[in-house]
Amino acid sequence: MVQRVVSRTGADPAKLKLELTESLLVADVERTVDKMNALRAMGIGLALDDFGTGYSSLSYLKRLPLDQLKIDKSFVRDVLTDPSDAAIARTILLLGHTLGLDVIAEGVETESQRDFLAQNRCVAYQGFLFSQPVPAEQF
Numbered sequence: 321m322v323q324r325v326v327s328r329t330g331a332d333p334a335k336l337k338l339e340l341t342e343s344l345l346v347a348d349v350e351r352t353v354d355k356m357n358a359l360r361a362m363g364i365g366l367a368l369d370d371f372g373t374g375y376s377s378l379s380y381l382k383r384l385p386l387d388q389l390k391i392d393k394s395f396v397r398d399v400l401t402d403p404s405d406a407a408i409a410r411t412i413l414l415l416g417h418t419l420g421l422d423v424i425a426e427g428v429e430t431e432s433q434r435d436f437l438a439q440n441r442c443v444a445y446q447g448f449l450f451s452q453p454v455p456a457e458q459f
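Going by our numbering, the sequence shown opens with residue 321, and the numbers climb by one from there.
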């Protein structure tokens with residue numbers, strides 16, 4: 321379906337990134353990997369969304385053709401006040417970088433959260449600190 325949409329619209333696949341949730345991967349890993357490889361062959365990037373909140377298995381990271389991990393907002397929210405959340409965020413960043421994956425933090429709402437993440441080598445962020453949701457026309 322993605323291939324058809326890209327062909328029909330003329331969208332540049334290199335500018336697309338699809339986010340997959342861990343629960344999607346559990347059902348049929350081999351079939352999912354095959355589809356992911358086909359999408360990557362088209363130039364489409366793939367991100368594992370909400371890493372650490374579902375069926376997190378490090379074996380997935382080894383097998384899946386990913387470009388990016390996303391630190392779930394549930395860890396980012398209390399990264400400054402909960403030592404466990406801070407440790408998890410640092411660990412996801414280190415793990416991602418070690419595996420050659422980009423890491424993006426979602427749910428960044430304050431400069432202090434962004435500063436903590438930046439000090440731990442995070443360079444990509446999503447959240448209300450940068451923008452509230454806007455209509456497609458305004459985007």
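For each residue, glycine too, the CB sits at the ideal point set by N, CA and C.
None of the values given here were measured: they were computed from a predicted structure.
The three-state secondary structure of PHE371, taken from DSSP, is strand. In the three-state DSSP reduction, ALA425 falls in the strand class (E or B).
Check the Cα spacing between GLN446 and each of LEU419, VAL428, LYS382 and LYS355: the tightest is with VAL428. Classified as exposed, ALA361 has fewer than 16 neighbouring CB atoms from the shown chains inside 10 Å of its CB.
Residue environment for VAL423: buried (at least 16 other C-beta atoms within 10 angstroms of its C-beta).
Taking C-beta atoms under 8 Å as the contact rule, ALA367 and LYS390 qualify, at a distance of about 6 Å. One Cα belongs to VAL353, the other to THR341, and the distance between them is close to 13 Å. Annotation: the continuous alpha helix (DSSP H) that includes LYS382 extends over 378-383. Secondary structure note for GLN323: its alpha helix (DSSP H) is the uninterrupted segment 322-329. It is roughly 12 Å from the alpha-carbon of LYS355 to the alpha-carbon of LEU344. Here LEU378 is exposed: its Cβ has fewer than 16 other Cβ atoms, across all protein chains shown, within 10 Å. The residue among ARG410, GLN452, LEU421 and ASP402 with its C-alpha nearest the C-alpha of LYS382 is LEU421.
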